Amino acid sequence: MDSGGVTRRLLGPRGALSELILLGLLLAHALMAYTVASAAAGAGLTPRVVVSGSMEPAFKRGDLLLFRKMSDGRSDPIRAGDIVLYEPAYGDIPVVHRVIKVHERREDGGGVDILTKGDANGVDDSAAFLYGYEPCLQRHHVMGKAVGYLPNAGWFSIAVHWKGPVVRTVVVGILSLGLLINALY
Numbered sequence: 001m002d003s004g005g006v007t008r009r010l011l012g013p014r015g016a017l018s019e020l021i022l023l024g025l026l027l028a029h030a031l032m033a034y035t036v037a038s039a040a041a042g043a044g045l046t047p048r049v050v051v052s053g054s055m056e057p058a059f060k061r062g063d064l065l066l067f068r069k070m071s072d073g074r075s076d077p078i079r080a081g082d083i084v085l086y087e088p089a090y091g092d093i094p095v096v097h098r099v100i101k102v103h104e105r106r107e108d109g110g111g112v113d114i115l116t117k118g119d120a121n122g123v124d125d126s127a128a129f130l131y132g133y134e135p136c137l138q139r140h141h142v143m144g145k146a147v148g149y150l151p152n153a154g155w156f157s158i159a160v161h162w163k164g165p166v167v168r169t170v171v172v173g174i175l176s177l178g179l180l181i182n183a184l185y
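What follows is the structure in structure tokens.
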């Protein structure tokens, strides 16, 4: 049967079995991704995508970093050289920067003052007013400490979340077109 130059064929038993196997593989991949995400959450890991060039050359835009959530205890001290995730005083996007200085205070319960800076930035974060009008971060401002990363693993997230509805429309369109072509041929 020909409808507008597109021929449609019916799936035979082998084609139907092939489609079912493909669907099973897709579901298995989704289950594996869910399992990995659940394991990371259970281990107290938080994934974050690097969205700017402030940490180059160590981490580039689009890299995915894994952060261990900070506990209130002193079992995991923050040291100079650590990569930390913290909430800036202004804005809602957490900042990923390197700790350049830690000062332990003897008075007021032995807290710590933490100074951070992006590797590619010319000034530290206090000069950029990322802490508000405070000179340093306190330990309770730090959300996590980096424990690993995957190069370029965050580009899809950047495309979908940062480039807006145009990219989402294109992605949905491509997936829909693929399903349509698969159904027709």
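Residue 154 in UniProt numbering is what sits at position 154 of the sequence shown, and the numbering runs on without skipping anything.
The beta-carbon is built from N, C-alpha and C at its ideal position, and this holds for glycine as well.
Computed from a predicted structure; not experimentally measured.
- As summarised for the region 94 to 180, the continuous alpha helix (DSSP H) elements at least 4 residues long and confined to that stretch are 155 to 162, given in chain order.
- Judged by DSSP secondary structure, ARG79 falls outside any beta strand (DSSP E); it is assigned neither H nor E.
- The beta carbon of THR116 sits closer than 6 Å to the beta carbons of HIS97, VAL99, ASP125 from its chain, once the five residues preceding and following it are set aside; these are given in chain order.
- Taking the Cα of VAL102 as reference, the smallest distance to any Cα among GLN138, GLU134, SER18, SER176 is reached at GLN138.
- Spatial neighbours of LEU177 in its own chain (CB-CB distance under 6 Å, excluding positions within 5 residues in sequence) are not present.
- When the five nearest sequence neighbours on each side are left out, the beta carbons in the same chain lying within less than 8 Å of the beta carbon of ALA120 are those of GLY53, SER54, MET55, GLU56, PRO57, in order along the chain.
- If you draw a straight line from the Cα of LEU45 to the Cα of LEU66, it comes to about 6 Å.
- Note on ILE114: 16 or more other CB atoms within 10 angstroms of its CB, so buried under the neighbour-count rule.
- The straight-line gap separating the alpha-carbon atoms of HIS29 and CYS136 is approximately 44 Å.
- Secondary structure note for PHE67: its beta strand (DSSP E) is the uninterrupted segment 64 to 69.
- Between LYS69 and PRO94, the alpha-carbon positions lie close to 13 Å from each other.
- For ARG61, no beta strand (DSSP E) encloses it, and the DSSP letter there is neither H nor E.
- About 19 Å separates the beta carbon of LEU150 from that of ASP82, a gap too long to meet the 8 Å contact definition.
- Residue burial annotation: GLY144 is buried, with at least 16 other C-beta atoms found within 10 angstroms of its C-beta.
- The beta-carbon distance between ILE158 and VAL49, rounded to whole angstroms, is 6 Å. This is short enough to meet the 8 Å contact definition.
- Counting along the chain, no beta strand (DSSP E) covers PRO88, and no H or E run does either.
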